[in-house]
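The numbering used here puts the first residue of the sequence shown at 115, with every later residue one more than the last. Written out below as structure tokens is the structure these notes cover.
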Amino acid sequence: MKRYFFLFLILISAMAQAQTIITGIVRDEKRNPIADINVTLQEKSGRLTLGFAMTDVKGAYKLEYKGKADSIAITVSGFNVQKQTKIVENRNQNIDFSIESASILLNEVKITPPKIRQAGDTLNYLVESFSDLNDRTIGDVLKKMPGIKVQENGAILYQNRPINKFYIENADLLQGRYGIATNNIDAKDVSTVQVLENHQPIKALKDKEVSEDAAINLKLKDSAKGTIIANTQLGLGGSPLLWNNELTGMYIAKKLQNITIYKGNNSGDDVTRELTSFYSNDASNMDKGGLLGVQSPLSPSIAEKRYLNNQANILSANNLWSLKNDYQLTANLSYLNDLQRKDSYAFTEYYLANDSILKIEEYMNSRLRKERLTGDIQLNANKDKFYFNNLFKIEGIWDRERGDVISADSVSQYLKKPYYSINNTFNIVKTGEKYTWNFHSFFGYNSSAHTLSIEPLLYQDLLSPSTYSSRMMQSVEQDNLAVYNKVSLGFGKGTWKQEYAVSMRTDIQGLSSELGTDNTTYVADSFKNDLRQVKYELIFSPVYTYAKGKLNSVLALPFNYTLLDVKNNLSDEKRRKNNFSFNPSLFLHYKISGYWTSYCNYSYRTSIGKINQLYKGYILSSYRSLLKNDGDVFEQKAHNASASLYYRDPITTLFGMFNISYSNVRTNLLSDYSYLGTLTLRSSILAPSTTERLGADMHLSKDIETLGSTVFLGGNYTISRSSQVTQGRLIDYNNQGYSFSPRIITKISPSVNLQYEFKYSQSISKVKNEKKTFDPIRIMSHNIQLSIFPFKGMSLNLKCESFYNNAIISGSRSMTFGDISAKYKYKQLEFMFDYTNIFNSKQFVSASYTDVSRYYSAYMLRPTEVLLKVRFKLK
């Protein structure tokens with residue numbers, strides 16, 4: 115396998131071409147040099163600009179080109195001079211120009227700027243070209259831009275990859291919680307959405323560490339800068355009594371940025387999502403534990419507003435100050451409180467072995483109360499040769515959930531799950547002409563103490579309760595202390611660079627639990643746990659970078675030493691495990707042309723030690739799920755490989771990508787499931803197992819200006835295989851599925867817009883041992899919205915959604931929803947009317963596969979509702 119990777123690297127290296135340098139002097143008719151003349155380097159066709167320069171006071175210019183074209187075009191232009199173009203060979207040479215003056219007759223013309231404009235690695239999307247009267251926030255407009263995708267949870271993708279930064283006027287105010295911006299900044303206040311391709315957030319590492327991710331930067335209009343913008347919304351409706359209120363304030367200036375919001379509603383808008391951080395490299399995302407849960411309805415795969423029964427309130431204050439010496443101070447504080455109610459019927463079939471099937475029927479309702487407080491403060495300096503960052507975070511969670519289930523027994527559940535976390539991340543980078551020094555440090559601590567009570571008393575044969583016991587009580591306490599330090603030193607300039615890093619990590623985790631009853635005086639060891647795990651990791655990581663012409667490659671060769679100490683305080687058993695591992699990775703980036711770019715990735719990772727796989731005593735994770743392990747140390751070896759091809763042409767607004775990925779994960783432990791009536795007993799046993807996954811996905815998007823349309827097309831295919839043990843018998847199963855989803859936004863006339871989206875997916879599961887194949891599940895959906903603008907300031911929206919699921923056995927396989935909304939804007943007032951679920955659909959029925967089980971549910975929906983909102987500007 116390794117020889118192929120190195121052969122691939124050599125072949126691509128041979129394709130890389132040295133850059134071409136073209137110089138020259140621009141003179142007038144009298145042979146005098148001319149300053150400030152534009153000199154552009156373009157493809158021979160003139161469609162794509164590849165380089166740009168301006169002449170200096172001596173009339174001289176210099177252009178650089180890294181492409182492979184045989185011929186290129188050099189064009190000179192400027193005010194009051196005749197434009198001149200020369201087609202030249204792609205080689206180092208001197209090209210002089212002699213240009214003539216030209217009189218310019220200015221006529222009144224109407225200039226329509228391009229919707230997308232490219233400047234180097236930055237794409238500029240003109241917001242006004244993609245928005246209409248229906249678009250209130252910048253998030254509404256982002257969904258229409260080719261190449262950009264906004265997921266249901268609010269995460270933003272460019273070319274189907276998550277963005278790594280979100281800026282407002284080049285500043286990271288929100289620290290990954292950019293839903294606050296996309297859902298609250300008015301589209302009319304934003305002039306341009308910038309996509310920063312191959313964005314390296316640390317300026318000192320630019321051209322030293324390659325990034326394949328993009329960032330987004332919002333450029334505001336001058337009218338929105340340096341002024342306080344405050345808006346409020348009041349909403350009232352019925353069936354039942356509905357409310358939807360907002361208060362937002364924004365101030366964006368060079369020295370200060372602030373966004374403060376309050377939002378509250380019980381009309382199905384999940385405003386709590388706006389507080390989610392989407393930065394994937396957030397070191398504070400430590401394991402929160404959470405072994406206990408309430409058996410509650412699974413959320414259906416439709417728009418959340420159709421089923422979310424909430425009472426949500428959020429408050430968020432976000433501030434950024436620009437200090438002296440290019441330092442920035444950021445402070446953020448957020449609080450949320452939400453009550454969510456769920457009601458559903460569920461029917462589950464578990465395939466056991468020899469064609470035997472376990473069937474469980476449940477009527478469920480639950481009430482989840484979320485209460486969370488988060489805060490952070492950051493000091494940052496991001497200069498060309500120096501980077502400093504210190505981020506301090508705190509978080510408190512006081513969630514609690516109550517659930518009732520009617521099945522063979524009527525069961526009441528109550529779960530309290532508090533969680534507390536504190537952490538600090540420190541990073542400093544210094545660069546010189548031939549070196550890079552980087553120090554990174556992280557300290558974090560979290561703890562949780564969860565308790566689950568279940569009534570009535572179930573499984574009496576297992577617990578041997580007292581006569582006076584009426585409920586089961588399960589408690590789990592977990593804590594985690596993590597300390598991580600890394601120092602690296604890089605050398606080199608130009609084609610070859612090398613970096614050597616040493617890092618040390620310490621993780622100290624504790625887990626204790628007890629399962630008993632409300633009158634328990636003695637708990638057997640088989641229902642208790644008291645573990646302490648200490649893991650030390652020492653990593654030496656050489657990294658080699660090769661960059662020449664169109665090729666960038668990074669080869670990392672980390673050597674890991676892990677020492678794992680585990681102590682069971684109940685039995686006083688101690689275990690120690692040493693592990694040496696080699697975890698190489700290879701990254702290749704080849705820029706085929708100005709339109710095409712390719713990436714290849716490969717990595718091998720080993721890991722050991724998960725405390726959630728070590729406890730031997732039983733833990734009742736829900737009213738019908740009892741868990742334990744054999745106590746063996748978890749070990750995992752994972753191969754991951756992917757190849758991606760990207761195309762983007764801002765001039766024709768065509769964006770596309772294709773990606774194929776493969777993963778092979780081997781573990782030494784396997785889940786063993788057995789059943790006592792409806793009670794599921796799950797344990798991990800020492801048995802090697804392999805999980806494989808092969809996936810491919812593609813996405814295309816284009817703005818067709820002549821038709822007034824933007825089209826999107828997405829599709830994916832996945833196949834996976836895995837194993838589990840059921841009732842003492844090994845079951846190998848395969849899952850296969852594919853989906854595709856075209857979407858179009860079109861302007862039928864100046865007063866009528868149409869949006870249509872179609873989704874189709876098919877999945878199928880096979881049990882190899884039994885040579886059994888489940889019937890395929892096919893799901894289709896249609897979503898159409900007609901927008902009418904009868905006169906200035908008025909919009910009317912008619913929306914219809916339909917769903918089809920062939921796996922639904924009882925009742926109709928098709929469901930239809932309808933909505934009507936209207937909006938009227940008069941001066942500073944905006945009136946909104948929503949009439950949702952006009953057909954009064956009561957429930958959403960779905961069916962799906964999960965591993966070797968089949969799940970059917972009927973989820974209760976929100977009824978027909980009417981909501982009137984008024985929005986106005988306070989300042």
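Every residue gets a Cβ at the ideal spot worked out from N, C-alpha and C, and that includes glycine.
For residue 344, the uninterrupted beta strand (DSSP E) run begins and ends at 343-352, by DSSP. Beta-bridge annotation (DSSP): residue 138 is paired with 175. Uninterrupted beta strand (DSSP E) stretches at least 3 residues long and entirely within the segment 742-777 occur at 749-763, given in chain order. For residue 254, DSSP assigns no beta-bridge partner whatsoever.
Cβ neighbours of residue 169 within its own chain (closer than 6 Å, five residues either side excluded): 140, 149, 151, 175. For residue 856, the beta-bridge partners assigned by DSSP are 827. Beta-bridge pairing by DSSP links residue 363 to 344, 374. At least 7 Å separates the beta-carbon of residue 724 from that of residue 745.
The secondary-structure analysis by DSSP pairs residue 228 with nothing; it has no beta-bridge partner. Following the DSSP letters along the chain, one finds residue 491 inside the beta strand (DSSP E) bounded by residues 471-496. Of the candidates 442, 962, 188, 442 places its Cα closest to the Cα of residue 288. DSSP places residue 417 outside both helix and strand once states are collapsed to three, so it counts as coil.
The closest CA to that of residue 684, considering only 368, 625, 561, is found on 625. In the DSSP assignment, residue 921 falls outside any beta strand (DSSP E) and carries neither an H nor an E.
Between the segment 769-778 and the segment 807-817 there are three or more C-beta pairs closer than 8 Å, enough to call the two in contact. Membership of residue 978 in any alpha helix (DSSP H) is not indicated, and neither H nor E is assigned to it by DSSP.
Put simply, the backbone Cα of residue 519 is about 36 Å away from that of residue 559. Counting along the chain, residue 293 sits inside the alpha helix (DSSP H) bounded by residues 293-296. Spatial neighbours of residue 163 in its own chain (CB-CB distance under 6 Å, excluding positions within 5 residues in sequence) are listed in chain order as 154, 156. Under the three-state reduction of DSSP output, residue 408 falls in the coil class, being neither helix nor strand.
Within the DSSP bridge table, the entry for residue 592 names 562, 625 as partners. Residue 971 is positioned such that its CB atom lies closer than 7 Å to that of residue 460. In this structure, the beta-carbon distance from residue 837 to residue 879 does not fall below 7 Å. Nearest neighbour of residue 977 by Cα position, chosen from 190, 931, 989, turns out to be 931.
For the segment 502-570, the full-length beta strand (DSSP E) segments reaching 3 residues or more read 524-545, 549-569 along the chain. Note on geometry: alpha-carbon atoms of residue 632 and residue 585 lie some 6 Å from one another. When beta bridges are read from the DSSP output, residue 945 appears opposite 938, 984.
Counting other Cβ atoms within 10 Å of its Cβ, residue 179 reaches 16 or more and is therefore classed as buried.
Burial state of residue 767 is buried, judged by a 10 Å Cβ sphere holding 16 or more other Cβ atoms.
Per the C-alpha coordinates, the member of 668, 351, 590, 583 positioned closest to residue 612 is 668. DSSP places residue 326 in the coil class of the three-state scheme, outside both helix and strand. Taken through DSSP and simplified to helix, strand or coil, residue 641 comes out as helix.
The beta carbon of residue 261 sits closer than 8 Å to those of 237, 272, 273, 309, 762, 769, 815, all from its chain and outside the five residues before and after it, given in chain order.
Per DSSP, residue 891 is one residue of the beta strand (DSSP E) stretching across 891-902. Under the three-state reduction of DSSP, residue 249 is assigned to coil, being neither helix nor strand. Counting of Cβ neighbours within 10 angstroms places residue 368 among the exposed residues, the total staying below 16.
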